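In my numbering, the protein residues as written are 904 to 1180.
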Ligand SMILES: [Zn+2]
C-alpha cells in the first residue's frame, strides 16, 4: 500500500459480514493510519435461529455487536442503512445512496462482496456487492445524481474495488494479517447471532433455537479455531502465516480497468500471479 493515507469504505449487507473475510485487513489498514468506514446496508433483523426474540430485538443486538467489533478493528465510523434483512433491498435506491457515501467519504477503496460469484444464495450479498461496485465506478460522473451536490458533496473517482469472500475468480491479492489476527478473532466472536447460525456446523448437539451461555462458550471456541484455520490456510498459498484474499479491480469512470486481464484470460493465458498487497 502506498504511503498516502486512504479512505476505505467497507460496504456490507449484514452486521457480521466483515468478520470472516476482511476484518484482519481493515484492522491492519486502520493501524497504518488509513481512514476506515463501514456501511452496513441491512439491520440484519432476521439473522438468528433463536425463537425468543423479535426482529427489533435482533436488529438492536446485532447493531451493538457490529459497533463493538468495529471498535476493536479501528473503524472510524459505522453507518447502518437499516434495510430489512433477507432480500428486500431496493437496488437503484441503494446505488444512489452508496454513490452519495462514496462522494461524502471520498472513498479511494471500496471493500465488498463479489456479486459475480457462483453458489451465492443470499440475495443481500449479491445486491450489495453489485451496487457497491457500481457506486465505486459511477460516483465520478458529475451529471449523475447531480442534486447530491447541494448536500455538500462532489463527484469522486474511487480507485479500487476489493472483492472479498470469493468463489468466482481466483484472488489476485493476499494481505498478510498475522499482526491483526488477534483483533480479527476478538471482533468476530462478538457476533452471538452468527455463532448460533454456525451451531449446526460446529456442534450439532447444540439446539440453535435455545442457546445457553455455556453453549456460546463452546461455539466461540469452535469459531476461534475456524477463523485461525482459514487465515493460515489462505496464508499457506502465498507462504504467509495468516492472510485474507481478495480480487481487486481498479476502476475507471463507468468501468473496471481490466482490459489487459480480459485479453489474457480470453486468450486462455494464465492470469498474473497474485500479489502480496
Ligand atoms: Zn451476510
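Virtual Cβ for every residue (Gly too), placed ideally from N, Cα, C.
All values derive from a computational prediction rather than experimental measurement.
Excluding sequence positions up to five before and after residue 943, its CB lies within less than 8 Å of the CB of 915, 916, 917, 918, 920, 969, 981, 982, 983, 984, all in the same chain and listed in chain order. For residue 986, the uninterrupted beta strand (DSSP E) run begins and ends at 980-986, by DSSP.
In this structure, the C-beta of residue 1028 approaches ligand 1 to less than 8 Å from one of its heavy atoms. Taking non-hydrogen atoms of ligand 1 into account, the C-beta of residue 916 is found less than 8 Å away from one of them. Checking the 8 Å criterion, the Cβ of residue 1025 is within range of a heavy atom belonging to ligand 1.
Between ligand 1 and the CB of residue 963, the shortest heavy atom gap is not smaller than 8 Å. Note that the C-beta distance between residue 923 and residue 1133 is below 9 Å. The residue from 947, 941, 1046, 909 with its alpha-carbon nearest to that of residue 1094 is 947.
Of the candidates 908, 932, 911, the residue whose Cα lies closest to the Cα of residue 1079 is 932. Looking from the CA of residue 1013, the closest CA among 1108, 938, 1137, 964 belongs to 938. Residue pairing for residue 1154: DSSP places it in a beta bridge opposite 1159. The region 1041-1057 makes contact with the region 998-1006: 3 or more CB pairs, one atom from each, lie closer than 8 Å. Residue 994 has its alpha-carbon roughly 8 Å from the corresponding atom of residue 1031.
Comparing alpha-carbon positions, the option among 986, 1168, 1043, 1060 lying closest to residue 1027 turns out to be 986. Between the region 1058-1065 and the region 1146-1154, the count of C-beta pairs closer than 8 Å reaches three or more; the two stretches touch.
Distance from residue 1090 to residue 976 at the Cβ level is roughly 5 Å; contact confirmed, criterion being Cβ atoms closer than 8 Å. Within 8 Å of the C-beta of residue 1017 there is not a single heavy atom belonging to ligand 1. Between residue 1081 and residue 1129 the beta-carbon gap is near 17 Å, outside 8 Å, which marks them as no contact.
Comparing alpha-carbon positions, the option among 1011, 1043, 1002, 1059 lying closest to residue 1034 turns out to be 1002. Around the beta carbon of residue 1166, fewer than 16 other beta carbons sit within 10 angstroms, so the residue counts as exposed.
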